[in-house]
Structures are given as structure tokens and as C-alpha cells.
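Novice:
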Amino acid sequence: MRFILRYRPWIVETICLLFVVLFTYAAVSKLLEFEKFRAQLGQSPLLTAFADMVVWTIPAVELAISLLLFVPRFRLGALYASLSLMTLFTAYIVAVLYFSPYVPCSCGGILENLGWTEHLVFNLVFIALAIAGIVLYTTPEKTNTTRV
Amino acid sequence: MYCAIQAGEAENPEDRVGTNLNFSMMKKFKFLLGSAAFLVAVGGAFASKTINNAPSLQQLYEEIGDDCDPSNCAATNTGPQCDAVYFDDECTDPVGFDTFRPLP
Chain A
1 MRFILRYRPW
11 IVETICLLFV
21 VLFTYAAVSK
31 LLEFEKFRAQ
41 LGQSPLLTAF
51 ADMVVWTIPA
61 VELAISLLLF
71 VPRFRLGALY
81 ASLSLMTLFT
91 AYIVAVLYFS
101 PYVPCSCGGI
111 LENLGWTEHL
121 VFNLVFIALA
131 IAGIVLYTTP
141 EKTNTTRV
Chain B
1 MYCAIQAGEA
11 ENPEDRVGTN
21 LNFSMMKKFK
31 FLLGSAAFLV
41 AVGGAFASKT
51 INNAPSLQQL
61 YEEIGDDCDP
71 SNCAATNTGP
81 QCDAVYFDDE
91 CTDPVGFDTF
101 RPLP
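For the protein sequence lines, the chains are A and B, in the order given. Just so you know, we're using UniProt numbering here: the first sequence kicks off at 1 and counts up by one. Just so you know, we're using UniProt numbering here: the second sequence kicks off at 1 and counts up by one.
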């Protein structure tokens, strides 16, 4: 516990960097293979009706969160946004896995090569990281200032 | 009595200059680290695009009765509903699903 509190700023920094890498990678992969991403969303059993909107919204939101994680003023908000987005993705995976007749993959880059269970575990790890980042970021810093 | 030994509140102005310098360097370092992470992610995305050549968007067809209809199942689809025999076109040549499906 003391270790975590001592290195708290660096742990938060590392978590933010991981999210920057994840979201930037995912967004750029989707934009590079835009037509493929659009077609996959069009095949989605849950998102077909919103495919045209979602196809732009997801990469834009991912890139926006990545950039906001750089700015200390918006960092907490960006961590909350990361948590929300990862929760949304996870809910989608669970919905598709359990309630859909077929399972399309609309993920970008090498994430497409993950099986659905692995993808679920991957998302859950990042949800845990986002929660840890929020908790550590909002924990009041213990200062050395003392009143005698 | 107030004992300020917190960083930046030192009595000695030189200490304060040192602390500010440290803080500024740390800020620069964090910015560089973030930029490096951003660039690595963009580079990784470009790199993985050239590696992934799976024909995952190929439109597959399936026989439903006597008809040959476009299937909702594609190379990236998995699940028990996509276990039928699929064809590449006009339902003449069956497609070996396992040969290119990237998911287990």
C-alpha cells in the first residue's frame, strides 16, 4: 500500500499511457481499414441501424480521449470517459456473445485476432485499470506539511 | 507554528528554483513519454495493417432450400449459427472456413 501511495503519480501516468496506446492504436487501425470497419459494423446484429453514425463516432471518441489524457486538467474526465467506453465495449461483447445469433468482429488491428473470451478478459483488465487510475488520481495526496 | 517542508514552500529561494526546475523537467519528460506512446500506437496500427491480409470481408453464400443466398456469416463471424457450409459465389465452390477465419 505504501508502495502504491509513494509511486501513485507514476502509476496513474502509466495507466494513462496504456490507454493512450490502446485508444490511438484502435482508432488509427479502424480509420486505416475504414471500409472494412464499416462493413463489419453493417453486419453487426445490434448496430446495423446506427452503423453510419457509429463508424465515425467510435474512432473520434477514442482519439479525443487519447488527447485529453495528455492534459492534466482534463485527465480525470478522460479516465472516466475511458472507463465508460471500455464498459460500453464490454457490454456490447457480452450482448453479442449471449444474445446474438452470430458473432461478428468489429475490432481494429491485432485485436481482431483475439477470441471473444480473450477480448472480454482484455477489456475487463482495462476496466480495472481505469478504476484504479480514477481511485489513485482522486485520493488526496499525503503531504509532509505539519503544524506544530 | 507552521513548518513548511513541503516541496516548493522551502524558505531558501534557491531550493524553490531547484524544485521549479525539477517540476518543469518532469512535465517535459511526461509530455515526451506521452508523445512517444502516441507515435508507437500510430506506428503499430500501420504495421499491423500490412500484416493482416485475411480475406475477412469476403461475401459468403449459403444454400437455403434451392436458393443460393448471401450469408450473414463472414470470415470474422463465429458462433454455432455460422457452422453451415459456405460458398464463395453462386454456391458452386465450398469455402474452407477454417483456412482463413482469424478467430478460434
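Ideal Cβ positions, reconstructed from N, Cα and C, are used throughout, including at glycine.
Using the beta-carbon count (16 or more within 10 Å), is residue 59 of chain A buried or exposed?
Specialist: Residue 59 of chain A is buried by the Cβ-count criterion.
Novice: Please check if any C-beta of chain E sits within less than 8 Å of the C-beta of residue 49 of chain B.
Specialist: Included in the structure are the protein chains A and B, with no chain E among them.
Novice: Given this structure, state the Cα-to-Cα distance separating residue 38 of chain A from residue 47 of chain A, to the nearest angstrom.
Specialist: For residue 38 of chain A and residue 47 of chain A, the distance between alpha carbons rounds to 11 Å.
Novice: Using a Cβ-Cβ distance cut-off of 8 Å, determine whether residue 53 of chain B contacts chain A.
Specialist: Low per-residue confidence applies at residue 53 of chain B: pLDDT is 49, beneath 50, and the placement is therefore not dependable, though the value from the model is reported in the following sentence. It does not; no Cβ of chain A falls within 8 Å.
Novice: Decide if residue 88 of chain A is buried, meaning its Cβ has at least 16 other Cβ atoms within 10 Å, or exposed.
Specialist: When all chains shown are included, residue 88 of chain A counts as exposed.
Novice: Going by DSSP, which residues form a beta bridge with residue 67 of chain B?
Specialist: B:64, per the DSSP bridge assignment.
Novice: Residues of chain A with a CB under 9 Å from the CB of residue 33 of chain B: which are they?
Specialist: Here the neighbours are 13 and 17.
Novice: List the whole-angstrom C-beta distance separating residue 12 of chain A from residue 37 of chain B, where the pair is believed to meet the contact cut-off of C-beta under 8 Å.
Specialist: 14 Å between Cβ atoms; not a contact.
Novice: State the Cα-Cα distance for the pair residue 1 of chain A and residue 79 of chain A, rounded to the nearest angstrom.
Specialist: So the two alpha carbons sit approximately 22 Å from each other.
Novice: Is it true that the CB of residue 139 of chain A sits closer than 8 Å to the CB of residue 8 of chain A?
Specialist: The answer is yes: Cβ separation under 8 Å.
Novice: In the DSSP assignment, find the unbroken alpha helix (DSSP H) run with residue 139 of chain A in it and report its ends.
Specialist: Careful: residue 139 of chain A lies outside any alpha helix (DSSP H) and carries neither H nor E.
Novice: In or out: residue 96 of chain A buried (at least 16 other Cβ within 10 Å) or exposed?
Specialist: Under this definition residue 96 of chain A is a buried residue.
Novice: Hey, out of A:81, A:77 and A:62, whose CA is closest to residue 30 of chain A's CA?
Specialist: Ranking the options by Cα distance to residue 30 of chain A, first place goes to A:62.
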